[in-house]
Amino acid sequence: MEDNMDIKTTIVNTLHAALADELDHDQINELLEVPKSSKLGDYAFPTFVLAKTRHQAPQQIAQALVAELDHAPYEKIEANGAYVNFFLDKGEFAEATLADIFNEGDHYGDATLGENGNVPIDMSSPNIAKPMSMGHLRSTVIGNALANIYAKIGYHPIKINYLGDWGTQFGKLIVAYHKWGSEAEIKADPISNLLKYYVRFHAEAEKDPELDDEGRAWFKKLEDGDPEATHLWEWFRRLSLAEFQKIYDRLGIQFDSFNGEAYYNDKMDPIVDDLKAKNLLQPSRGAQIVDLTDENLTPALIKRSDGATLYITRDLAAATDRYHQFHFAKSLYVVGNEQTEHFKQLKAVLKKMGDDWADDIIHVPFGLITKDGKKLSTRKGNVVLLEKVLDEAVDLAKQQIAAKNPDLPNADQVAHQVGVGAVIFHDLKNDRLDSFDFSLAEVVRFEGETGPYVQYSNARAQSILRKAGHHADRQGNLTIDDPAAWDTIKFLAEFPATVLRAAREYEPSVIAKYALRLSKTFNKYYANSKILVADDQLNARLALVEATSQVLQQALALLGVQAPEEM
RNA sequence: GGCCCCGUAGCUCAGCUGGAUAGAGCAACGGUUUCCUAAACCGUAGGUCAUCAGUUCAAAUCUGAUCGGGGUCACCA
1 MEDNMDIKTT IVNTLHAALA DELDHDQINE LLEVPKSSKL GDYAFPTFVL AKTRHQAPQQ
61 IAQALVAELD HAPYEKIEAN GAYVNFFLDK GEFAEATLAD IFNEGDHYGD ATLGENGNVP
121 IDMSSPNIAK PMSMGHLRST VIGNALANIY AKIGYHPIKI NYLGDWGTQF GKLIVAYHKW
181 GSEAEIKADP ISNLLKYYVR FHAEAEKDPE LDDEGRAWFK KLEDGDPEAT HLWEWFRRLS
241 LAEFQKIYDR LGIQFDSFNG EAYYNDKMDP IVDDLKAKNL LQPSRGAQIV DLTDENLTPA
301 LIKRSDGATL YITRDLAAAT DRYHQFHFAK SLYVVGNEQT EHFKQLKAVL KKMGDDWADD
361 IIHVPFGLIT KDGKKLSTRK GNVVLLEKVL DEAVDLAKQQ IAAKNPDLPN ADQVAHQVGV
421 GAVIFHDLKN DRLDSFDFSL AEVVRFEGET GPYVQYSNAR AQSILRKAGH HADRQGNLTI
481 DDPAAWDTIK FLAEFPATVL RAAREYEPSV IAKYALRLSK TFNKYYANSK ILVADDQLNA
541 RLALVEATSQ VLQQALALLG VQAPEEM
């Protein structure tokens, strides 16, 4: 049951035997690195640090070390310049890795780090009466991937869709509906008509500022429980949720909670009272604030001059509520980078209130998506509709199937898996914080570093297994020493460490990049080596194909991307 | 202006805790299919890692400044 860490430990011990007077185990472990090219071995020890104490050139030290070390556990050890390069016994390593993957199955790469701690994840959070845009997609798919990743390492994620279902915009919407809307229009196409009213409201309010006052007045009515306002609000909310659900179904994402902003309406007073009791609240320019100058932050605005609550008031209530409900190990907020300041304020206020658990609140920011270099704005109608993008991607996938694999059964289902997979993968493959300008052509690409490329790699692996007609024998020969297969085997062994890194950095792209690298090495192997030939390593090769497919599927599953067996 | 993020090939980006000739994909050009799906594979071409200074045996990677792009800076969320 060897894995990466054990091998590294073995190498550290080998080196320590010769370096006991100079370096301890930890120091050697720190220095040990993985060479860029596997031609240079699997692990390398740089000797520069010994140059001073030994008063020798690093090259000489490397050669001297090679002569001293125990070569037995390795294929070979070589001095190359200032480095001591270790080459692992390929057959033995392959056998250990493949056996590991088979024994653990879908649990390969699992960890118990989380000890079942709750991790609420604030994600997606679309606004009622507005269509979901590419921006909401980011929060949705990053949050979903993090939930999967955290579940894999032993946490208990709780996916919370913090709907934007409260605020002045509803007053505006009610006004707009009264003036220009109709029940029939909304029933026919809820979101696009509600959006139409909303956009028109903002256009007309430019000329007629009194509209804004009317909007505020209607929102006030809503807050005071006016029956008509409440009825309209409930109606808009219900229709919007139904529309959102269609998109979530297509994306294959479920939530544990839809407690949006409105849910916290009656939970803010205790927070405000608590702030008062702790002498944190102070009047300023007619409003109520918490001063944060000592934290080098702008003041947190708790109540407007007209007494209404604000975003942070609600978030304080939500954070507190989540803490009492879940006693979370961590509380994640997958929200755009432009709100970094807000979360700093949120944590700072909680800390002032004595809530030390605020340290466990983690804002997971992501970069801005622009269109033609400009920020997307619902009000200005400058949006990229997620639904359209998904439609486009699925259509294109259908065309590809018709051209490349016309006899494919379940073509429609596969087109959905591939099209949606492409969109999700595209959003997850880059560093979260990178901003990018939206390009439909780029999002629906199926070649190169894309989701479909990974899916295709897996589909080919599945195809081989079908042709073979049987599974690899787990008790049989798993010792594959073909150099062409070596990179694939090494990447397979790296999966558990990769999952941990993705979790540590709150970075799904780590998994996406891993899936791409594994696909690439596998495709290279596939293109140059014949797998289904009857010789003494057939079983080992089949095992490699099966293990690769298994890990690719795992990686895709973590990202929330489906893996068709044929495409 | 203060604070935050970013600046690597024509374009989109990798580069983990500093280490051996800076890597992919797309686009361009050329090649591979009687053989497990060519949504693939191989090759050619393409870079003063924004600039300058510092720390170090070693800097794309760490520190500071400068330039450039984006975000944000109280009654939106």
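First residue of the first sequence: 1, per full-length UniProt numbering; consecutive thereafter.
Backbone N, C-alpha and C define an ideal beta-carbon position, used for all residues, glycine too.
None of the values given here were measured: they were computed from a predicted structure.
Quick one: what's Leu88 bridged to in DSSP? Tyr74
Own chain partners of Lys172 with C-beta closer than 6 Å, once the 5 adjacent residues on each side are dropped: Phe201 and Gly215
Closest to Ile464 by CA distance: which of Ile531, Ser257 and Ala300 is it? Ile531
What would DSSP say about His16, mapped onto helix, strand or coil? helix
Identify the continuous alpha helix (DSSP H) that holds Phe244 and give its terminal residues. Pro227 to Leu251
Does the segment 106–118 come into contact with the segment 507–516, if we say contact requires no fewer than three beta-carbon pairs (one atom in each stretch) closer than 8 Å? no
Let me know the secondary structure DSSP gives Thr370 once reduced to three states. strand
Along the beta strand (DSSP E) that carries Asp122, what are the first and last residues, could you check? Asn118 to Met123
From Val359 to Gly143, what distance separates their C-alpha atoms? Before going on, a small fix: residue 359 reads as Asp here, not Val. Each residue's Cα considered, the two are about 20 Å apart.
Whole angstroms is fine: what's the gap from Ala393's alpha carbon to Thr320's? 41 Å
Around the Cβ of Arg238, are there at least 16 other Cβ atoms within 10 angstroms (buried) or fewer (exposed)? exposed
Please tell me whether Glu75 and Leu88 are closer than 8 Å, where the distance is taken between their beta carbons. yes
Do you know how far the Cα of Asp213 is from the Cα of Ala262? 22 Å
Residues near Val551 by beta carbon distance below 6 Å, same chain, minus five either side: Leu492 and Phe495
Under a Cβ-count criterion, where at least 16 other Cβ atoms within 10 Å of its own Cβ denotes burial, should Ala57 be classed as buried or exposed? exposed
Considering Cα atoms alone, identify which of Gly164, Glu30, Asp482 and Gly354 is closest to Asp315. Gly164
Count the other CB atoms, across all protein chains shown, that sit within 10 Å of the CB of Gln254; report buried if there are 16 or more and exposed otherwise. exposed
Per-residue burial, Ser305 [other beta carbons within 10 Å of its own, 16 or more giving buried]: exposed
Would you tell me roughly how many angstroms separate the C-alpha atoms of Ile61 and Lys36, rounded to the nearest one? 22 Å
Taking the alpha-carbon of Asp249 as reference, which of His416, Leu211, Tyr177 and Trp233 has the nearest alpha-carbon? His416
In whole angstroms, what is the alpha-carbon distance linking Asn161 and Tyr333? 11 Å
Excluding sequence positions up to five away, which residues of its chain have a Cβ less than 8 Å from the Cβ of Gln339? His363 and Pro365
Of the residues Ile401, Val272 and Lys524, which one's Cα is nearest the Cα of Ala411? Ile401
Simplified DSSP state of Glu447, which is helix, strand or coil: coil
Look at the alpha carbon of Ala555 and the alpha carbon of Asp208, and state the distance between them as a whole number of angstroms. 54 Å
Throw me the rounded Cβ distance for the Gln282 and Lys303 pair, which I believe falls under 8 Å. Not really, about 11 Å apart at Cβ, beyond 8 Å.
Of the residues Ser192, Ile489, Asn296 and Ile424, the one placed nearest Ser240, counting alpha carbons only: Ser192
Through-space distance from Tyr150 to Ala459, alpha-carbon basis: 27 Å
By how many angstroms is the C-alpha of Ala497 removed from the C-alpha of Asp24? 24 Å
Between Leu69 and Ala99, what straight-line distance do the alpha-carbon atoms span, to the nearest angstrom? 29 Å
Roughly how many whole angstroms lie between the Cα atoms of Gly81 and Gln59? 5 Å
Glu295 versus Ala348: straight-line alpha-carbon distance, rounded: 7 Å
Under three-state DSSP, which class holds Phe436? strand
Rounded separation between Lys429 and Ala64 - CA only: 44 Å
Once the 5 residues before and after Gly286 are set aside, which same chain residues still bring their CB inside 6 Å of it? Ser305
Starting from Leu376, trace the beta strand (DSSP E) both ways and give me its first and last residue. Counting along the chain, Leu376 falls outside any beta strand (DSSP E), and DSSP gives it neither H nor E.
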